[in-house]
Amino acid sequence: MSDLTRFSVNQMTVKQLTLPELVAACRDMGVPAVGLWRAPVQEYGVEAAAKLVRDAGLAVTTLCRGGFLTAIDADERAAALADNRRAVDEAATLGTDTLVLVSGGLPPGSKDLHGARERIADALTELAPYAEDHGVRLAIEPLHPMFASDRCVVSTLTQALDLAERFPAHQVGVTVDTYHVWWDDTAPEAIARAGAQHRIHTFQLADWITPLPEGVLNGRGQIGDGAIDMRAWQRHVEAAGYSGSIEVELFNEELWARDGRELLAETARRWAENVEV
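All letters in the sequence shown, in the order written, are residues 1 to 277 by full-length UniProt numbering.
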């Protein structure tokens with residue numbers, strides 16, 4: 001198989017595999033790293049998951065997700081902060097230094113994007129030092145603007161950096177995900193800005209295919225099947241100084257209906273075909 005040294009598979013890409021099945025498949029195929037999601041890890045047990053992955057020799061590149069920090073109600077806000085502190089604890093237990101943040105959409109009845117983004121900054125003021133104390137970096141992920149109302153009011157890398165720059169780079173940086181930024185002709189400049197400040201904490205791949213499915217959330221295409229030039233985006237992040245793992249994160253019902261090990265093998269092949277190693 002091709003050189004997979006920098007390949008990481010996000011758990012959601014092959015979510016039809018249980019965590020033990022995923023770990024075994026990665027071990028068998030020479031996949032060196034995984035990105036994990038909180039719900040299946042919690043179901044398996046965080047300590048048990050950490051031991052399982054560690055004993056298999058796998059690195060954990062990221063934990064998804066923290067965030068959803070835009071609530072106005074005081075009780076909801078306190079609950080979100082508590083959940084994010086738990087996410088930091090879980091990341092530290094799993095041995096990853098990167099917690100990906102999906103910041104949250106507009107609260108019910110609100111149309112105030114600026115206010116929502118400021119509440120994210122307020123929350124980070126509390127969370128960033130806590131994360132640093134646990135050896136974890138927070139990586140703000142901008143999501144495509146179609147998710148701004150319900151999932152993430154941070155839609156561009158520039159917006160993510162405007163938030164991150166209020167904090168030290170070792171506390172808060174950004175996630176560069178091709179699926180969410182490929183359309184934005186200001187993104188390469190933002191990547192260079194992020195790299196100059198050492199704020200690119202993770203780099204993720206997914207392709208853009210159309211038509212999008214109903215609900216759009218699970219419309220990420222297998223890399224190589226869509227409109228995104230993966231090598232071009234890899235060159236952008238590497239010119240900015242990024243040299244870490246390149247993680248594939250797919251949400252796709254058709255892919256999830258397939259055999260998980262077969263899909264993992266295909267994803268590794270597609271990664272090798274679409275990145276420069």
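Note that the Cβ used here is the ideal one computed from N, Cα and C, for glycine as well.
- Taking C-alpha positions only, Val275 is separated from Leu124 by approximately 33 Å.
- Secondary structure at Trp233: helix, using DSSP grouped into helix, strand and coil.
- In the structure shown, Gln197 adopts coil according to DSSP, grouped into three states.
- If the five residues before and after Ala121 are omitted, its C-beta is found closer than 7 Å to the C-beta atoms of Leu163 and Arg166, all from its own chain and listed in chain order.
- One thing to note: Ala80 has its Cβ no nearer than 9 Å to the Cβ of Ala91.
- Counted as a single uninterrupted DSSP element, the stretch harbouring Trp37 is not any alpha helix (DSSP H) but the beta strand (DSSP E) occupying residues Ala33 to Trp37.
- In the DSSP assignment, Glu247 falls within the unbroken beta strand (DSSP E) covering Ile246 to Val248.
- Taking Gly173 as reference, the option from Leu161, Val181, Trp183 and His180 with the minimal CA-CA separation is Leu161.
- The beta carbons of His198 and His236 sit no closer together than 9 Å.
- A distance below 9 Å separates the beta carbons of Asp177 and Phe203.
- Proximity to Leu69 across Pro107, Asp97, Tyr130 and Trp208 peaks at Pro107, based on C-alpha coordinates.
- Under the DSSP definition of a beta bridge, Leu101 partners with Gly66 and Ile140.
- By the neighbour-count criterion, in which a residue is buried when 16 or more other Cβ atoms sit within 10 angstroms of its Cβ, Lys15 is buried.
- The DSSP-derived three-state label of Ala257 is coil.
- In this structure, Glu21 sits near Gly260, with a CB-CB distance shorter than 9 Å.
- Counted as a single uninterrupted DSSP element, the alpha helix (DSSP H) harbouring Val88 occupies residues Ala74 to Leu94.
- Its chain contains Tyr179, Ala206, Leu250, Phe251 and Asn252 as the residues whose beta carbon lies nearer than 6 Å to that of Arg220, once the 5 sequence neighbours on both sides are disregarded; these appear in chain order.
- Restricted to the region 4-32, the beta strand (DSSP E) segments that are unbroken, complete and at least 3 residues in length are 7-10, listed in chain order.
- Going by DSSP, Val277 is part of no beta strand (DSSP E) at all; its letter is neither H nor E.
- A direct Cα-to-Cα measurement between Trp271 and Ile223 gives close to 7 Å.
- Pairing Val154 with Ser103 gives a Cβ-Cβ distance under 9 Å.
- The residues Ala272, in chain order, have a CB closer than 7 Å to that of Ser2 in the same chain once the five nearest residues on each side in sequence are set aside.
- Here DSSP, grouped into helix, strand and coil, assigns Arg151 to coil.
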